[in-house]
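S.K.:
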């Protein structure tokens, strides 16, 4: 699942978390960020070639912020990128990444005690791209 998330994020080339940015406050209170999360892709522009809605994925992690940050590090290798935490409240975090060939903004919004909405916008040489995903904590990780 981590590989699938890394591939998904790499497609948007949003390196917001490759630089050491402190854990945003929006993650605090997510039961230590550990457990099983349902990840739903709610919107994607440009749309996928298939008209079918992307299936929900599950992610089992011991640290949601760190998992996303590591996936971004593997997906992006641009040392020229500059990253800033523009907003950091308990309800919302906005992270901006400015790179040589693109600018990306990731907005994390706390929907409730178990759910985060991630809105990614990227513009650059590959055109404008947007994606909206919901992460919902399902509980402790289960063996499959």
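In my numbering, the protein residues as written are 8 to 151. Glycine included, every Cβ here is placed at the ideal spot set by N, Cα and C.
1. Looking at residue 115 and residue 30, is the spacing between their C-beta atoms short of 7 Å?
2. In whole angstroms, give me the CA-to-CA distance for residue 91 and residue 99.
3. Go ahead and pull the three-state DSSP assignment for residue 35.
4. By Cβ distance below 6 Å, which residues in the same chain neighbour residue 128 in space, the five residues on each side in sequence not counted?
5. Using only alpha-carbon positions, find the residue among 41, 42, 28 and 64 that is nearest to residue 48.
6. Is the beta carbon of residue 143 less than 7 Å from the beta carbon of residue 122?
7. Inspect the beta-carbon positions of residue 147 and residue 139 and report whether they are closer than 7 Å.
8. Does the beta-carbon of residue 66 have 16 or more other beta-carbons within 10 angstroms, so that it is buried, or is it exposed?
M.R.: On the basis of the supplied data:
1. Cβ atoms of residue 30 and residue 115: not closer than 7 Å.
2. In this model, residue 91 and residue 99 are separated by some 14 Å (Cα to Cα).
3. Under the three-state reduction of DSSP output, residue 35 falls in the coil class, being neither helix nor strand.
4. For residue 128, the CB contacts under 6 Å within the same chain, skipping 5 residues up- and downstream, are 112 and 137 in chain order.
5. Among 41, 42, 28 and 64, the Cα nearest to that of residue 48 belongs to 64.
6. In this structure, residue 122 lies closer than 7 Å to residue 143 by Cβ.
7. In this structure, residue 139 does not lie closer than 7 Å to residue 147 by Cβ.
8. With 16 or more other Cβ atoms inside 10 Å of its own Cβ, residue 66 counts as buried.
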